[in-house]
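Here the protein sequences come in this chain order: A and B.
Per my numbering, numbering of the first sequence is gapless, rising by one per residue and ending at 1568.
Per my numbering, numbering of the second sequence is gapless, rising by one per residue and ending at 622.
C-beta: ideal position from N, C-alpha, C; glycine also.
These figures come from a predicted structure and were not determined experimentally.
Notes follow the structure.
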Amino acid sequence: MSQLNIKKGSSSHSAYDLRDYHEQGMERHTLALIVDNEAGVLARVIGLFSGRGYNIESLTVAEIDHTGHRSRITVVTTGTPSVIEQIKAQLGRVVPVHDVHDLTTEGVAVERELALFRVVGRGDVRVEALRLADIFRAQVVDSTLDSFVFEVTGTSRKIDAFADLMRPLGLEELARTGVVALARGEIDAEGGLT
Amino acid sequence: MEQEQMTGASMVVRALQDQGVDVVFGYPGGAVLPIYDEVFQQNRIRHVLVRHEQGAVHAAEGYARSTGRPGVVLVTSGPGATNAVTGLTDALMDSVPIVLLSGQVPTFMIGNDAFQEADTVGITRPCTKHNWLVKETDRLASTIHEAFHVAMNGRPGPVLVDIPKDVQFASGTYVGPEAAQTGHYAPKVKGDIEVITSLAEAIETARRPIFYTGGGVINSGDRACELLRRLVDKTGFPVTSTLMGLGAYPANGQNWLGMLGMHGLYEANLAMHDCDLMINVGARFDDRITGRVQDFSPDSVKAHIDIDPSSINKVIHVELPIIGDVGHVLEDLLKVWNSRGATTDAPAIKEWWERINEWRKVDCLKFEQTGSTIRPQHAIQRLEALTKDHPDRYICTEVGQHQMWAAQYMGMNDPKRWMTSGGLGTMGYGFPSSIGVQMAHPDALVINVAGEASWLMNMQEMGTAVQYRLPVKQFILNNERLGMVRQWQELLHGERYSHSWSEALPDFVKLADAFGAKGIMIDDAADLDDGIKEMLAHDGPVVVDCVVEKHENCFPMIPSGEPHNKMLLGENADTGNAIKEGGAVLV
Ligand SMILES: Cc1ncc(C[n+]2csc(CCOP(=O)(O)OP(=O)(O)O)c2C)c(N)n1
Ligand SMILES: [Mg+2]
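Structure (structure tokens):
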């Protein structure tokens, strides 16, 4: 059957088209999901991301309406514009997901993250850490003779920046919540987030 | 509203009855015994005892796809549920509504590695549309009703309700389907009228249009198929279909081009490649259809009608996305187009058909049957000739070359007559599926076109067919090969036939006999018609071992990753000058 000489290319040994999908630029989007607060809902959302190969940069979840059994999930993801559209459409199909909002495209949003830093040191470094914490409006939430725990709230970039400064000053441990976000200004009843 | 108290187990049976269920496919075990006890004490619902839980799900799929109603499955915990996973995945890929009820260990033992415990909702989360673990008997009835609602609405699919044994024993309040909270799940069925109007405009001016239809038309219902036929006939546009959509537009219809895709017809694929308006109705631009995405139908404006928003722009960017149910959208489209005068560019359409007719002359399915060795295409062609006039015929298939030959050489003139595993390509689908179809249509002619390897994957269901006296016809094209695998190895892997043949095949006639069914062996072309007639004449399950040429390849074929106009044709196709014209590269 040599007459059927199929051109050897990127895909000739596969049942699939093995092309490179990275033709578009990557974007970072913050999505807010309103979901039923029921067992397994987070697993469904996370499973969708891992099963379909999407990225999760950060994820937060908590109940926001106890009587209505609603939780809000904030996901920060990256992907090409078409992948971001797919992610939103796929999330919209999940039965306990009520609303999918793309805060990156739906007007302006405020994003905040909370982080706790344990910084260990004595003498000059300790003084310097405290001085910088003041500039970042970090709260001291715990202190011993040779350590502080600082609490910082702000954008992820502010927290990154504070972490970079603390590292040479004895940063031992860091915990971050991940991003939560809300659209700014007035929201009409229909498009509003609960 | 009257509120009845009953046990969880009787609630299950009551809820199924209230949903109008007449058949359940299942297999008992410890964790579902209370439910089986209730099944025993009633006779409104028939229970079919399969021989493997995978068979139960495929049988329910056959039932669902041939009736348009949900298929219902009942299995036990642990191995019962895990055996059902392939069937659920198959149903998810092909959008088949299935409601699977599984037993679970008692709630107080969940998480303890109890006997026959498996995390069924965890395992089936990615292979169901939605699933539930019911922990209170009071929630059981409404959850089952919600499960039916989710399975049937929007894009249909499989759902699972996991029911711990203590929930089956305990008493609670029953609620009927109307009173049940079916939640907020209500996908949009009406399409955007502005986009529909743009599509009507495009239909008026298109010079080389094509309808590309899929399983979504059939899932939408008989009305959608009727509207599609009206639209195709009134516009005079050519129509092709995916493997899943066969029968939505009749194969004996004037404008039918045949199936498209990897093993689709030459004229269908070239028309897709060269069209200027592609109207995708309920199909999803699967990779077996598009070939190389960058070269897919490069010069066309594309419209896409789909009830699932995630199907739109997933693979192929479309200019006219219409999210909605096919029936509703086609209805509106016809209304708008009619009110605008129902015109098309008739001279251009005529020219387009002339081009298509040139491609048709290639006669891409042509083959020659000479000598006594049966060519598989010939076997299918004779099966078609001898059964196509049957008033009530259903065709199931397994997966492989035989499946593609059946799609190419058999004509489906009505929807819900063609049951095949498309998205998942599940070997072992066809036989149990034919059982489900026959349960739903006891007097119909139900044929499973099978390959010997696929058929062996669920051959235990012979027991089911015999026990329930289901006269399913198993027509096995026996090439003693994993034919489709062998074909790829021949064409793409240097003819190194790594593990693609079976060395110890059973004697299928004796096998049928051992189960108490009829076996027929055909190995000479001269006996083919008589053998098929004997199969048709027998009132009971039949296994036909039709021994065919072992090295046949299935053509046409678009090697994966190639565009539509780079198709391989069989040696008998009349390449003539149409090839040059179509720009196809034949090597
Ligand atoms: C469960 C499963 N395993 C493996 C495959 C891969 N596969 C696709 S076709 C095929 C061969 C099928 O052989 P047979 O049923 O004899 O059909 P033929 O191609 O010979 O007509 C195989 C192994 C599959 N589709 N499904
Ligand atoms: Mg075979």
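Which chain B residues sit within Cβ distance under 9 Å of residue i?
i         : result
Ser1456/A : Asn348, Lys349, His352
Gly1466/A : Pro344, Ser345
Just to confirm the assignment, what range does the alpha helix (DSSP H) spanning residue i have?
i         : result
Leu1465/A : 1455-1467
Ser623/B  : The question about residue 623/B has no answer, for chain B in this structure spans 36 to 622.
Thr159/B  : 155-159
Cys260/B  : 257-270
Arg417/B  : 411-422
Ser468/B  : 465-475
Ala539/B  : Ala539/B -> no alpha helix (DSSP H), and no H or E assigned at all.
Glu1502/A : 1498-1509
Glu171/B  : Looking at the DSSP string, Glu171/B is not in any alpha helix (DSSP H), and its letter there is neither H nor E.
Hey, does residue i have any beta-carbon neighbour from chain A nearer than 8 Å?
i        : result
Asp343/B : yes
Val92/B  : no
Asp53/B  : no
Val156/B : yes
Ala619/B : Unreliable positioning characterises Ala619/B in this predicted model, as indicated by a pLDDT of 35, which lies under 50. The coordinate reading is nonetheless provided below. Ala619/B does not count as touching chain A.
Since residue i meets chain A, which of its residues come closer than 7 Å, beta carbon to beta carbon?
i        : result
Pro161/B : Gly1421, Gly1425
8 Å is my cut-off, CB to CB: does residue i come that close to chain B?
i         : result
Ala1507/A : no
Arg1418/A : yes
Gly1559/A : no
Gly1414/A : yes
Val1554/A : no
Arg1550/A : no
Name the chain A residues that come within less than 8 Å of residue i, Cβ to Cβ?
i        : result
Tyr220/B : Val1469
Contact defined as beta carbons within less than 8 Å: I believe residue i pairs with residue j. What is the distance between those atoms, to the nearest angstrom?
i         : j         : result
Thr163/B  : Pro193/B  : 5 Å
Arg258/B  : Gly362/B  : 5 Å
Arg1486/A : Gly1552/A : With 8 Å as the limit, Arg1486/A and Gly1552/A do not qualify as a contact, their Cβ atoms being about 10 Å apart.
Val210/B  : Val252/B  : Actually they do not touch by this definition, with Cβ atoms about 35 Å apart.
Arg516/B  : Lys585/B  : 6 Å
Ala119/B  : Ala149/B  : Going by Cβ atoms, the distance from Ala119/B to Ala149/B rounds to 19 Å, so no, they are not a contact pair.
Ala338/B  : Ile314/B  : 5 Å
Identify the contact partners of residue i in chain B, using a Cβ-Cβ distance below 8 Å as the criterion.
i         : result
His1472/A : His219
What are the boundary residues of the beta strand (DSSP E) that residue i is part of?
i         : result
Val544/B  : Per DSSP, Val544/B belongs to no beta strand (DSSP E); it is in the alpha helix (DSSP H), 543-550.
Pro344/B  : It is not in any beta strand (DSSP E) - Pro344/B carries neither H nor E in the DSSP assignment.
Ala1535/A : Note, Ala1535/A: premise wrong, no beta strand (DSSP E); alpha helix (DSSP H) at 1530-1540.
Phe60/B   : 58-61
Met556/B  : 553-557
Ile145/B  : Taken as a continuous stretch (DSSP letters only), Ile145/B belongs to no beta strand (DSSP E), as it is neither H nor E.
Tyr209/B  : 206-209
Gln436/B  : Gln436/B -> not in any beta strand (DSSP E); alpha helix (DSSP H) instead, spanning 436-444.
Tyr503/B  : Tyr503/B -> no beta strand (DSSP E), and no H or E assigned at all.
Arg428/B  : 428-432
Ala1410/A : Checking the sequence, you will find Asp at residue 1410/A rather than Ala. Here the beta strand (DSSP E) through Asp1410/A covers 1401-1410.
Tyr247/B  : 244-248
Gln509/B  : 508-513
Ile357/B  : 355-358
Below 9 Å on C-beta distance, what does residue i contact in chain A?
i        : result
His165/B : Arg1418, Val1468, Val1469, Pro1470
Val169/B : Simply none; closest approach about 11 Å.
Worksheet item: Can you list, in chain order, the residues of the segment 1437-1464 of chain A whose Cβ is nearer than 7 Å to any Cβ on chain E?
Response: In the structure shown, chain E cannot be found, because the protein chains are A and B.
Worksheet entry | Near-chain A residues of the segment 423-442 of chain B - C-beta to any C-beta below 9 Å | none
Fill in: Where the segment 180-192 of chain B meets chain A: residues whose CB sits under 7 Å from a CB there
Val185
Worksheet entry | Members of the segment 554-585 of chain B that neighbour chain A once the beta carbon cut-off is set at 9 Å | Of all residues in the segment 554-585 of chain B, none has a Cβ within less than 9 Å of some Cβ in chain A.
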